[in-house]
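Asker:
Numbering (our numbering), first residue to last: 656 to 822.
(1) For residue 600, write down the residues that DSSP places opposite it in a beta bridge.
(2) Count the other C-beta atoms from every protein chain shown that fall within 10 angstroms of the C-beta of residue 794, then say buried if there are 16 or more, exposed otherwise.
(3) Three-state secondary structure (DSSP) at residue 656?
(4) From residue 781 to residue 679, what does the alpha carbon distance come to, in whole angstroms?
(5) Residue 686 and residue 753 look like a contact to me (Cβ under 8 Å); what is the Cβ gap, rounded to whole Å?
(6) With H, G and I counted as helix, E and B as strand and the rest as coil, what does DSSP make of residue 673?
(7) Is it buried or exposed, residue 719, if we count other Cβ atoms within 10 angstroms and call 16 or more buried?
(8) Measuring alpha carbon to alpha carbon, tell me which residue in 683, 777 and 749 is nearest residue 798.
(9) At which residues does the alpha helix (DSSP H) containing residue 700 begin and terminate?
(10) Assuming residue 717 contacts residue 690 under a Cβ cut-off of 8 Å, what Cβ separation, rounded to an integer in Å, is found between them?
(11) Check whether the Cβ atoms of residue 661 and residue 756 lie closer than 8 Å to each other.
(12) Using C-beta distances below 7 Å, list every residue in its chain close to residue 834, excluding the 5 sequence neighbours before and after it, in chain order.
(13) Find out if the Cβ-Cβ distance for the pair residue 670, residue 734 is shorter than 8 Å.
(14) Among the candidates 681, 747 and 721, whose CA atom is the shortest distance from the CA of residue 736?
Below is the structure:
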């Protein structure tokens, strides 16, 4: 398998049957870490966050909002990059085990399906507001909130590209 095929093999859609792959990963005693987001324009903050999240276990699964989901959440001008481009960029990281594109506004059903050992979100979320925390904690898993790299945000990058005042 060449590098591009390997990257593509790490991309899944929520409607695909993940069960058998999850069974294989669990058979190999992987400690599954899950995080999610839009990841519209990858930047240093994303790289730092994802690399640290991967360090919480042996297999990082990234839930990725679909284009339709992102439009509902962020507005009609988003995403900047389509879901396939965003998924390929994320899957290219060696520390990302899988990228799963989901259509819902939240990853709740995906988390319920994956049953990760660790759920990671940024410290900009209060633990009580983290979607899926109840699922992970009920099974004895761990919720981790991570510091974010200050000064990096996709919205700020978009504003800078548009030449918004103050940039």
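The beta carbon of each residue, even a glycine, is placed where N, CA and C say it ideally should be.
Answerer: The short version:
(1) Examination of residue 600 is not possible in this model, given that the chain is present from 656 through 822 alone.
(2) Here residue 794 is taken as the residue at index 139 of the chain shown, counted from 1. The residue is exposed, with fewer than 16 neighbouring Cβ atoms inside 10 Å.
(3) Position 1 of the chain shown, counted from the start, is the residue given in the question as residue 656. Correct three-state label for residue 656: coil.
(4) Taking the first residue of the chain shown as 1, we reach residue 781 at position 126. Taking the first residue of the chain shown as 1, we reach residue 679 at position 24. For residue 781 and residue 679, the distance between alpha carbons rounds to 33 Å.
(5) Looking up residue 686 in the chain shown gives position 31. Looking up residue 753 in the chain shown gives position 98. At roughly 14 Å, the Cβ-Cβ gap does not stay under 8 Å, so residue 686 and residue 753 are not in contact.
(6) Counting from 1 along the chain shown, the entry for residue 673 is found at position 18. If DSSP states are grouped into helix, strand and coil, residue 673 belongs with coil.
(7) Here residue 719 refers to the residue found at position 64 when the chain shown is read from its first residue. The residue is buried, with at least 16 neighbouring Cβ atoms inside 10 Å.
(8) Taking the first residue of the chain shown as position 1, residue 798 is located at position 143. If we check each option's Cα against that of residue 798, 777 comes out closest.
(9) Working through the chain shown from its first residue, we reach residue 700 at position 45. Here the alpha helix (DSSP H) through residue 700 covers 699-709.
(10) By 1-based counting over the chain shown, the position of residue 717 is 62. By 1-based counting over the chain shown, the position of residue 690 is 35. Right, the Cβ-Cβ distance comes to about 6 Å (below 8 Å), so this counts as a contact.
(11) Taking the chain shown and counting its residues from 1, the one referred to as residue 661 is at position 6. Taking the chain shown and counting its residues from 1, the one referred to as residue 756 is at position 101. In this structure, residue 756 does not lie closer than 8 Å to residue 661 by Cβ.
(12) Residue 834 falls outside the range modelled here, since the chain spans only 656 to 822, and no answer is possible.
(13) Position 15 of the chain shown, counting from 1, holds the residue named residue 670. Position 79 of the chain shown, counting from 1, holds the residue named residue 734. No, these two residues do not count as a Cβ contact at 8 Å.
(14) As a working mapping, residue 736 is identified with position 81 in the chain shown. Ranking 681, 747 and 721 by Cα distance to residue 736 puts 721 first.
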